[in-house]
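In terms of the working numbering, the sequence shown is residues 3 to 342.
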Amino acid sequence: MYEVSSVVPLDALRNLDHAYDMFFKRCREISGNQKGYPKFKSKKSGGGSFSLRYSIRVSKSRIQLPRIGSIKLKEKEYLPLYGREDIKVLSAAISEKAGRWYVSLRVEQEIPDPILVKDEDKHVVGVDVGVKTLAVTSDGEIFENPKAFVKAQKKLRMLDKAVARKKKGSKNQKKALKKRAKHYQKIASIRRDNQQKASTAITKSADVIVVESLNVKGMRSNRHLSKAISDVGMTDFLRQLEYKALWLGKQFVKADRWYPSSKTCSNCGSIKAELSLGERTFNCGDCGFSIDRDLNAAINLKNLAGSSPVSACCPVGSTSVRNRPKRPPVGQEPNSSSEG
Ligand SMILES: [Zn+2]
């Protein structure tokens with residue numbers, strides 16, 4: 003206990019307290035299989051991390067941490083420098099992932115008031131979050147998944163096989179696991195970097211952002227989609243769009259989960275009964291309009307905001323019962339989040 007800063011056990015206990023609070027809350031709500039007793043962390047799993055407070059100082063290439071001392075930073079001039087009057091460092095969290103150490107700072111900073119735009123001048127952008135590409139906006143901008151990301155995934159499959167071939171619990175398996183974890187971390191970093199850049203670009207370019215609500219949990223149970231979806235990390239991308247919109251004073255709108263953004267024709271408004279995931283181009287049977295599938299969905303989302311009063315808290319589209327397809331029976335895979 004005396005070897006580390008007194009904040010470390012304090013914060014660990016606080017986290018434990020929070021874990022129990024949430025556990026009892028879940029017990030009260032009886033939310034099915036989500037109940038779970040807080041798990042002990044182990045050396046093997048649990049993502050080791052701890053937090054520190056007080057006397058954290060950042061210089062250009064080093065960070066000073068209580069009890070630990072001065073540590074060289076790999077990424078320079080990224081953290082807010084010590085002495086900046088507009089930023090106050092509250093705490094630092096140190097974590098380790100696949101052999102690399104990270105420090106993240108929690109800071110307090112005044113966000114300047116956003117510039118107000120008149121309602122009629124607002125630029126509305128619909129964003130279709132996809133499987134094949136990261137996102138397509140109604141402006142026709144396409145955010146691809148990086149090539150390095152696709153390439154790295156092929157290697158991940160190889161490393162998966164390598165782990166499977168080794169004897170369970172052996173030293174060789176441990177080595178293979180370590181290698182895979184490192185590679186996985188690399189993939190995650192590429193993805194996060196790409197997502198952050200895309201979400202910043204989108205939120206900067208729009209005044210109102212309309213996205214579809216994802217039923218990720220439902221999607222994951224769909225065998226064919228599961229891999230693709232967890233890879234794209236849609237939930238995290240939407241989360242980024244939401245908080246960045248908030249920071250910049252932009253409106254963020256989530257369409258109703260059952261709004262058929264992919265199945266609707268953005269030209270005439272007719273709704274297709276069926277649209278398979280393989281169909282990359284939307285061809286309207288009523289008006290003969292032909293358009294890229296994702297762009298069509300993005301335009302529909304944009305139109306959704308224009309057709310009804312936009313509000314950031316309640317989903318638009320939920321009021322238009324006409325557009326809402328029948329809710330699939332329980333137990334069946336609801337594919338409307340991905341397909342429509
Ligand atoms: Zn049409």
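We put the CB at the ideal spot given by N, CA and C, even for glycine.
Mind checking whether residue i and residue j have CB atoms under 9 angstroms apart?
i	j	result
residue 358	residue 210	Within the shown structure, residues of the chain are numbered from 3 to 342, placing residue 358 beyond reach of any answer.
residue 100	residue 143	no
residue 272	residue 301	no
residue 297	residue 162	no
residue 305	residue 128	yes
residue 216	residue 259	yes
residue 25	residue 39	yes
residue 63	residue 74	yes
residue 69	residue 91	no
residue 277	residue 265	yes
residue 213	residue 257	yes
residue 207	residue 115	no
residue 86	residue 187	no
Who are residue i's beta bridge partners in DSSP?
i	result
residue 139	129
residue 115	According to DSSP, residue 115 bridges with nothing at all.
residue 273	266
residue 98	103
residue 59	66
residue 285	292
residue 54	94
residue 253	210
residue 72	66
residue 109	91
residue 145	137
Ligand 2 and residue i: does any heavy atom of the ligand fall closer than 8 angstroms to the residue's C-beta?
i	result
residue 286	With respect to small molecules bound, the structure shown includes ligand 1 and not ligand 2.
Identify, in the order they occur along the chain, each residue of the same chain with its Cβ nearer than 6 angstroms to the Cβ of residue i, setting aside the five sequence neighbours on each side.
i	result
residue 146	135
residue 178	164, 165, 168
residue 59	66, 84
residue 106	95
residue 285	292
residue 337	Residue confidence is low: residue 337 scores 40 on pLDDT, short of 50, so the model does not pin down where it sits. Its coordinate-derived value is still stated next. There are no such residues.
residue 263	214, 299, 302, 303
residue 189	154
residue 104	97
residue 326	Low confidence applies here, because residue 326 scores a pLDDT of 36, under 50, leaving its location unreliable; read the following figure in that light. Excluding residues within five positions, the ones whose Cβ falls inside 6 angstroms are 260.
Taking 7 angstroms as the limit between beta carbons, can you name the residues of its chain near residue i, skipping five residues before and five after?
i	result
residue 288	267, 270, 272
residue 246	201, 202, 205
residue 88	111, 112
residue 22	40
residue 307	126, 210, 212, 255, 318
residue 199	none
residue 281	295
Sorted by chain position, which residues of the same chain lie with C-beta nearer than 8 angstroms to residue i's C-beta, five sequence neighbours on each side aside?
i	result
residue 152	none
residue 197	136, 235, 238, 239, 242
residue 192	148, 150, 151, 154
residue 14	52
residue 185	154, 157, 158, 161
residue 283	292, 293, 294, 295
residue 171	none
residue 11	3
> Does the pairing of the stretch 245 to 252 with the stretch 284 to 297 give three or more beta-carbon distances under 8 angstroms?
Replying inline: Taking 8 angstroms as the limit for Cβ pairs, the verdict is that the stretch 284 to 297 does not touch the stretch 245 to 252.
> Per the contact definition of three or more C-beta pairs closer than 8 angstroms, is the stretch 90 to 99 in contact with the stretch 47 to 66?
Replying inline: Touching, yes, given that three or more Cβ pairs across the two stretches are closer than 8 angstroms.
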